[in-house]
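Take 691 as the starting number for the sequence shown in the numbering used here and just add one per residue.
Every residue gets a Cβ at the ideal spot worked out from N, C-alpha and C, and that includes glycine.
A short worksheet on the structure shown next.
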Amino acid sequence: MSLETILGLAAMLFVIGIFGVLTKRNIIAVFMSLELMFNSVNLTFVALSYYVMPVNLVTDLSTAMTGHVFAIFVIAVAAAEVAVGLGIVFALYRVNGSIELTSDMERSN
691 MSLETILGLA AMLFVIGIFG VLTKRNIIAV FMSLELMFNS VNLTFVALSY
741 YVMPVNLVTD LSTAMTGHVF AIFVIAVAAA EVAVGLGIVF ALYRVNGSIE
791 LTSDMERSN
């Protein structure tokens, strides 16, 4: 696979994630779409790290692993986001009896 193919796949995943965030009413589906967007960014980091700085041309291994380190950092942030997001989902369900995003906005107006 070439760099262009991987970046195209990552862009398609990101667009699907944006579509999900903008169109879904269920907050869990929105979180899943956000995770898809995070994973497309991870794919981009790793692909750029692999193709732009090949390991056989870099003398320092830490320089070659920069994209991988960023991907691990994004995964850790996404895990924290899921934990906080699920806490918010449980709190919304206890208060409103629903996890739909539009029901909260209509009630506040």
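- Judged by their CB atoms, Gly757 and Val736 are nearer to each other than the 8 Å cut-off.
- Of the residues Phe780, Asn729 and Ser692, the one whose Cα lies closest to the Cα of Val705 is Asn729.
- Here Leu738 has Gly757 as same chain residues with Cβ atoms under 6 Å from its own Cβ, once five neighbours each way along the sequence are excluded.
- One thing to note: Gly698 has its Cβ no nearer than 8 Å to the Cβ of Met727.
- Taking the Cα of Gly787 as reference, the smallest distance to any Cα among Leu703, Met691 and Asn716 is reached at Asn716.
- DSSP places Asn786 in the uninterrupted alpha helix (DSSP H) bounded by Thr756 to Asn786.
- Following the DSSP letters along the chain, one finds Ile696 inside the alpha helix (DSSP H) bounded by residues Leu693 to Thr713.
- By alpha-carbon distance to Phe760, the top candidate from Val731, Tyr783, Leu703 and Ala781 is Val731.
- Approximately 4 Å separates the beta-carbon atoms of Leu733 and Ala700; this is inside 8 Å, confirming the contact.
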